Every structure is written in structure tokens, then in C-alpha cells.
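J.:
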Amino acid sequence: MRTSLVRCTAPLFGCASRAGHGVVMSALACAVTLAALFPVGCAPMGSVPLDTGSVGVTAGGTEDIAQARSRSNAGGIPSPESVTVEGFLSEHDIPIPPPASPAEIYASVAGAWRPPFNEPAPMVDIFVGLGTTIDLDAYRRPSLNLAVVVDRSGSMEDPASASDYRLKMDAVKQALHSLVDRLTADDRLALVSFNERVRVDLASAAVTDPAKVHERIDALKPQGNTNLHEALRVGFEQVAAAGESTQARRVIVFTDALPTVGPTTSAEILDIVQANADRGIGFTLMGVGQQYGTDLAQDISNVRLGNAFFLSDADRIAQIFNDEFDFLVAPAAYDLTLEISIPEGVGIRDVYGVPDYVPGSRGARVTVPTLFFSRREGGAIIVVRLTFAQTPDLSQDVVVGQLSMHYTLPDGTARQLGTELVLPAGQSPTGDPTYYSDPAARRAALLLDTALVLREAVDAAVEGRGSAAVEMLRGFLADFDKRSLGLSDRTDPSSRGLSDERDLLETLLGTLTRYPYGYIYYYP
404 MRTSLVRCTA PLFGCASRAG HGVVMSALAC AVTLAALFPV GCAPMGSVPL DTGSVGVTAG
464 GTEDIAQARS RSNAGGIPSP ESVTVEGFLS EHDIPIPPPA SPAEIYASVA GAWRPPFNEP
524 APMVDIFVGL GTTIDLDAYR RPSLNLAVVV DRSGSMEDPA SASDYRLKMD AVKQALHSLV
584 DRLTADDRLA LVSFNERVRV DLASAAVTDP AKVHERIDAL KPQGNTNLHE ALRVGFEQVA
644 AAGESTQARR VIVFTDALPT VGPTTSAEIL DIVQANADRG IGFTLMGVGQ QYGTDLAQDI
704 SNVRLGNAFF LSDADRIAQI FNDEFDFLVA PAAYDLTLEI SIPEGVGIRD VYGVPDYVPG
764 SRGARVTVPT LFFSRREGGA IIVVRLTFAQ TPDLSQDVVV GQLSMHYTLP DGTARQLGTE
824 LVLPAGQSPT GDPTYYSDPA ARRAALLLDT ALVLREAVDA AVEGRGSAAV EMLRGFLADF
884 DKRSLGLSDR TDPSSRGLSD ERDLLETLLG TLTRYPYGYI YYYP
């Protein structure tokens with residue numbers, strides 16, 4: 404039994420200097436040893452929450468799997484595309500310990516050596532997390548220049564979700580009222596609503612009369628078709644034509660994302676979103692309804708300044724607008740690029756936590772257009788899973804790769820990190836006992852496996868292999884219970900807990916046990 408206390412985690416944002424108006428790039432080189440904070444193979448029994456009360460960081464794009472949760476909780480089977488690893492992890496607080504002297508915004512790395520669930524051979528998981536030293540209580544969002552674009556087509560008379568039988572419009576009105584309550588006279592707001600026709604209910608103005616805004620919201624009535632493209636054009640123009648240069652500019656659209664009039668494809672919608680992102684106007688998609696078009700939400704992941712949420716029920720609406728609103732409108736950084744190069748004999752099995760990555764012959768590249776501030780620490784977790792062609796000599800340290808990252812702060816300052824990834828000596832060739840560099844790595848590994856099993860089970864169910872999904876879920880639940888012992892249920896009150904995910908797995912298992920052939924794929 405050996406205990407290592409070595410960690411060398413380089414700050415991502417603390418290493419560039421300014422000379423006049425220019426930026427001097429500075430790269431750090433630091434051997435990141437995936438070192439144990441507890442003896443190899445031992446669990447941190449009785450571990451306490453690791454939350455430090457700091458603002459976190461999360462990647463743009465899909466910020467939850469709320470639609471999948473809603474459908475499952477109502478006794479249905481989620482659609483596979485509604486279950487994403489990045490959305491799942493974004494709902495959790497995974498605070499990888501920061502560097503010894505962290506900058507205001509920093510990167511940190513943790514790791515694991517273990518056989519993932521249902522895998523025969525051990526693999527290396529590299530968890531790259533982003534965090535800040537910004538005090539949560541002291542954080543203040545910037546002044547806003549917003550346009551809220553509201554779908555008032557006939558489909559908004561349908562139920563809000565599988566677990567919320569109010570009208571979609573009623574759920575949206577609850578969200579809109581909560582949003583207005585978060586604004587002050589320093590903010591600007593335009594209210595645009597649409598069916599086949601677009602109407603400017605309130606032109607962009609300072610929010611000095613909230614009662615008037617609430618009144619206009621209450622007057623919205625659903626009817627007609629859906630011209631989302633034209634509504635977005637009007638909303639973006641309301642923002643572009645008003646406000647101060649110091650204000651954060653954003654269009655927030657509330658819709659079931661099922662356009663029927665005008666340009667209707669995701670590509671056409673994304674064109675207008677991308678064109679306005681290029682002039683610094685962000686876009687947030689607030690989805691509602693059982694038939695919510697998840698394709699558009701996924702595509703938002705590839706657009707600068709874009710993010711997407713699903714309004715599953717009253718509790719989720721309250722959480723977004725009471726706890727998360729000040730963060731979802733505030734970009735922390737842009738154009739993250741993560742590159743990993745690997746030596747001979749090491750392979751990249753996959754990269755998780757992002758919608759896509761570009762594989763290479765000896766490595767991979769990941770790009771994330773926007774990082775947002777978050778109430779939850781560790782919301783931006785990128786996982787690189789590595790395999791060995793042959794079991795290496797584990798009696799000595801094993802270099803498994805080189806990691807480089809760079810991205811840009813909102814003020815244009817560039818930051819860069821270079822680091823070597825090392826698996827410390829003394830590991831078991833079979834991964835038994837398992838090895839985690841710290842409790843955060845253990846939590847991250849469990850949550851990653853949970854997301855992957857959930858997606859695989861849903862895929863199996865909708866392909867008519869319900870019995871295989873049942874067997875997999877039963878096996879993983881036993882594994883989940885064993886691995887979660889000693890871990891805190893949650894590390895932040897606003898995050899999902901491990902118990903929430905166990906309940907989700909149990910609920911899906913119960914549904915598939917009753918309906919093994921997936922007959923209730925879309926509706927409970």
C-alpha cells in the first residue's frame with residue numbers, strides 16, 4: 404500500500420501577461436501526476452462535500468437532460484437524443500481540487516485507472532475541470548440587453564411536459580414572470596411573440612415598469628402556426644438597435660422548437676443564430692413540451708454564445724430562473740481548444756462531455772465555442788478515455804499523453820496551458836483495486852458511467868432490446884450502490900445528487916420491466 408500526495412495542476416488563466424494592448428502568450432509545462440489523496444484502491448469513506456463557495460464554469464450548449472428525466476418520471480422511455488453526457492454532467496457539481504495558487508479562472512486535472520462498467524480491461528480516464536476563485540456571494544452578473552422571444556402558436560396549448568400537465572404557455576409564463584423579477588432598471592428588455600406572424604409586444608427599453616411587462620406577458624394567447632426564424636430576426640434586431648456597449652446582449656427564445664412556417668430546418672435557424680453570435684449577441688433556447696425538437700438544442704452546442712435548457716416542470720423553471728439565470732447570461736471564456744497527443748501504444752477510446760471531437764492518428768482535438776459561469780463548480784468536465792494496446796510496465800510512472808489547452812477571456816486576453824499526463828507507478832494490471840487521484844475523480848467516474856449506461860439502455864429499449872436493457876440496468880445498479888458508498892450525495896445544494904441518478908435508473912428499470920419491447924417510447 405502506497406500513498407502519494409503529489410499533485411501538479413497548472414492554472415489555466417494565470418499565466419498570460421499584457422504589454423500595452425497586446426497579449427503575451429505564456430505556456431506552462433507541468434507533469435500532472437494522477438496522484439492519490441488516499442491510499443491506492445481505498446475509498447474516501449465519510450468524505451465531506453468539497454464545495455468551496457466559488458462560482459463554477461460550464462460549457463455552452465445543452466445544459467441538462469431535463470426532457471429525458473421528465474419522460475422517464477412520467478413512466479415513459481426517453482428518446483436517445485435527449486440523453487447526452489454533457490447535459491448529464493452539467494447538472495452536477497464535480498469540484499476537482501484547484502491548484503495550490505489558482506488564478507481567478509483555472510484548469511485542474513484528475514484521473515482514474517479502472518475497468519469501466521461492462522469493460523474487461525482497465526482504462527485511464529482523464530478528467531479536465533474548469534473552476535474559478537470568484538466568491539459566489541460576491542458574484543454579480545453584467546447589465547443586460549435582452550430580447551425575449553415567445554412562441555404563441557397553437558401547439559403551446561399542449562401539455563408542458565410528460566410530468567407537467569399545465570399548458571406549455573402557462574409554463575412559459577411562469578418562467579417569463581420569474582425572468583422579469585430578476586431584472587433591474589439597469590437592464591433593457593424587449594418582448595417579442597410569434598405564431599405565423601411576429602409581434603413586438605414591448606420594444607426594447609429599460610425595465611423601469613416591471614408591472615407593465617408582467618401585464619403584457621399575461622396577455623399572451625396561443626393560436627396559429629410557428630414562424631420561429633422571422634421571430635428570431637426581429638428579436639435580434641431589437642437587441643442590436645438598442646442598449647449600451649457595456650451590456651451583455653442576448654436573445655432568449657421560449658418554444659417547443661417545432662417551426663412550421665418560413666425557414667424551418669435547424670440549419671436555417673442556426674444560420675441566423677450564428678450570424679448574430681458573430682456580432683456579439685448570444686442565444687439561449689428554453690425548450691418546452693414533449694415533442695420539443697432536441698436537434699436544435701444539440702446544434703446550439705456548436706454556436707458561440709449559445710446554450711439550451713428544457714423547462715420540464717415548475718421546480719425546474721424555478722431553479723433556472725432563481726438559481727441559474729445570473730450565470731446563464733454571462734460568458735466566462737470563448738473558443739476553448741483542448742488537444743491531447745498520445746505516445747505509441749496508447750489509444751483514445753472516446754472523449755466525453757462535449758458533443759463531438761476531431762480524432763487524429765496520435766491524438767484528438769476538442770473545441771468548445773463558449774464557457775459560461777455556473778452556480779455549480781466542476782460543471783465543465785471534459786473526459787478523455789485512454790486505452791493501452793498492451794499492458795504497460797506499471798512498476799514505474801507511465802506517461803499517457805500530453806495535454807494542451809487554450810482559450811480567450813471576454814476582454815480578449817488569451818490563456819494557454821501545457822501539461823504532461825502521468826499514471827503513477829504501482830497500479831494493478833487488472834485495475835483491481837481501482838485507482839482514483841482524489842474523491843472528485845471517483846465521483847466523476849461514477850457519474851460518467853451512469854450517463855453512458857443510461858444512454859445505452861435507452862438505445863437498447865428503442866431498438867426493441869428491452870430485456871438487454873433490463874439486465875444492464877440491474878447489473879449497474881448493484882455496481883452503483885457499491886461505488887457510491889462513502890461519497891456525499893451532492894456537493895452543492897443546487898446540483899443533482901447521486902440519489903437522484905439512482906432513482907432515475909430505478910424508474911427506467913421499472914418501466915422497461917413492464918414494457919420490455921419499448922412500446923411507450925414517446926408517451927407514457
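First residue of the sequence shown: 404, per this note's numbering; consecutive thereafter. For glycine and all other residues, C-beta sits at the position ideal for the given N, C-alpha and C. These figures come from a predicted structure and were not determined experimentally.
(1) Under 7 Å, do GLY900 and LEU492 count as touching if we go by C-beta distance?
(2) Taking the alpha-carbon of PHE530 as reference, which of LEU547, LEU549, ALA510, ASP538 has the nearest alpha-carbon?
(3) So, is LEU911 buried or exposed, given that buried needs 16 or more other C-beta atoms within 10 angstroms?
(4) Taking contact to mean 3 or more Cβ pairs, one atom from each stretch, closer than 8 Å, check whether the stretch 454-463 and the stretch 831-842 are in contact.
(5) Go to GLN805, then tell me how far its beta strand (DSSP E) extends in each direction, as first and last residue.
(6) Using 8 Å as the Cβ pair cut-off and three pairs as the minimum, do the stretch 884-894 and the stretch 528-543 touch?
(7) Please report the residue range of the beta strand (DSSP E) in which PHE712 lies.
(8) My guess is that GLY464 and GLY709 are in contact by the Cβ rule of under 8 Å, so how many angstroms apart are they, rounded?
(9) For a test of the three-state rule: what should DSSP assign to THR916, helix, strand or coil?
(10) Pair every Cβ in the stretch 545-560 with every Cβ in the stretch 643-650, then say whether three or more of these pairs are closer than 8 Å.
(11) Have a look at GLY638, LEU851, GLN577, THR663 and flag the residue whose alpha-carbon is nearest the alpha-carbon of ALA721.
(12) Could you spell out where the alpha helix (DSSP H) holding PHE728 opens and where it closes?
(13) Contact between the stretch 470-479 and the stretch 743-761: three or more CB pairs below 8 Å?
(14) For PRO525, I'd like the list of residues in its chain whose CB is within less than 7 Å of its CB, leaving aside the five on either flank, ordered along the chain.
(15) Could you check whether SER897 and ASP738 sit closer than 7 Å to each other, using their CB atoms as the reference points?
(16) Would you report the Cα separation of MET808 and ASN521, rounded to the nearest angstrom?
(17) I'd like to confirm the pairing. Which residues does DSSP put opposite THR629 in its beta bridges?
(18) Please state whether DSSP places ALA513 in a helix, a strand or coil.
(19) Whole-angstrom Cβ separation of LEU851 and VAL786, contact assumed at under 8 Å?
(20) DSSP on ILE751, reduced to helix/strand/coil?
(21) Considering Cα atoms alone, identify which of ARG602, GLY665, PHE713, ASP604 is closest to VAL575.
(22) Answer with yes or no whether the minimum CB distance from PRO758 to chain B is below 7 Å.
(23) Give the secondary structure of GLY690 by DSSP, where H, G and I count as helix, E and B as strand, and everything else as coil.
(24) Following the continuous alpha helix (DSSP H) through VAL583, name the residue where it begins and the one where it ends.
(25) Three-state secondary structure (DSSP) at LEU549?
(26) Straight-line CA distance for THR436 to THR611?
(27) Go to MET526, then tell me how far its beta strand (DSSP E) extends in each direction, as first and last residue.
(28) With a 10 Å radius around its C-beta and 16 neighbouring C-beta atoms as the bar for buried, classify THR668 as buried or exposed.
(29) Under 8 Å: do the stretch 764-782 and the stretch 815-827 share three or more Cβ pairs, one atom per stretch?
(30) Have a look at LYS615, SER596, ASP659, THR773 and flag the residue whose alpha-carbon is nearest the alpha-carbon of ARG636.
(31) Within the same chain, show all residues whose beta-carbon is closer than 6 Å to that of GLY913, passing over the 5 residues directly before and after it, in chain order.
(32) Are LEU849 and ARG886 closer than 7 Å when you measure CB to CB?
(33) Measuring CA to CA, which of GLY627, ALA680, GLY821, ASN598 is closest to GLU633?
(34) So PHE724 and SER581 are supposed to be a Cβ contact under 8 Å. How far apart are they, rounded?
(35) Would ARG858 and PRO772 be called neighbours here (beta carbons separated by less than 7 Å)?
(36) What residue does the beta strand (DSSP E) around LEU741 start on, and which one ends it?
T.: Looking at the atomic coordinates:
(1) Contact flag unset, no.
(2) Minimum Cα distance to PHE530 is reached at ALA510.
(3) With 16 or more Cβ atoms within 10 Å of its Cβ, LEU911 is classed as buried.
(4) The stretch 454-463, when compared against the stretch 831-842, does not touch it at the 8 Å Cβ threshold.
(5) Annotation: the continuous beta strand (DSSP E) that includes GLN805 extends over 801-811.
(6) Cβ pair count under 8 Å is below three, so no.
(7) Looking at the DSSP string, the run of the beta strand (DSSP E) that includes PHE712 is 709-713.
(8) At roughly 7 Å, the Cβ-Cβ gap stays under 8 Å, so GLY464 and GLY709 are in contact.
(9) DSSP, read as helix, strand or coil, puts THR916 in helix.
(10) Touching, per the Cβ criterion.
(11) Distances from the alpha-carbon of ALA721 to those of GLY638, LEU851, GLN577, THR663 put GLN577 closest.
(12) Run containing PHE728: 728-731, per the alpha helix (DSSP H) assignment.
(13) Counting Cβ pairs under 8 Å, fewer than three are found: no touch.
(14) In chain order, TRP516, ARG517, PRO518, THR833, GLY834 place their CB closer than 7 Å to the CB of PRO525, counting only its own chain and leaving out the 5 sequence neighbours on each side.
(15) Cβ atoms of ASP738 and SER897: not closer than 7 Å.
(16) Looking at the two C-alpha atoms, the distance is approximately 31 Å.
(17) DSSP output for THR629 lists no bridge partner at all.
(18) Secondary structure of ALA513 (DSSP, three-state): strand.
(19) The Cβ separation is near 6 Å, so the contact holds.
(20) Under the three-state reduction of DSSP output, ILE751 falls in the strand class.
(21) Nearest C-alpha to VAL575: PHE713.
(22) Here chain B cannot be found, since the structure has a single protein chain.
(23) Taken through DSSP and simplified to helix, strand or coil, GLY690 comes out as strand.
(24) Unbroken alpha helix (DSSP H) run through VAL583: 571-584.
(25) Residue state, collapsed to three classes: strand.
(26) Per-residue confidence for THR436 stands at a pLDDT of 45, beneath the threshold of 50, marking its modelled position as unreliable; no derived number is given.
(27) If you look at MET526, you'll find it in the beta strand (DSSP E) that goes 526-538.
(28) Exposed, since its Cβ has fewer than 16 Cβ neighbours within 10 Å.
(29) Remark: fewer than three beta-carbon pairs, one from each stretch, lie closer than 8 Å, so the stretch 764-782 and the stretch 815-827 are not flagged as touching.
(30) Relative to the Cα of ARG636, the nearest Cα in the group LYS615, SER596, ASP659, THR773 belongs to SER596.
(31) Hits under 6 Å: none found.
(32) Contact: yes.
(33) That would be ASN598, whose Cα lies nearest to the Cα of GLU633.
(34) That pair is a contact at about 4 Å.
(35) No. Outside cutoff.
(36) Unbroken beta strand (DSSP E) run through LEU741: 734-744.
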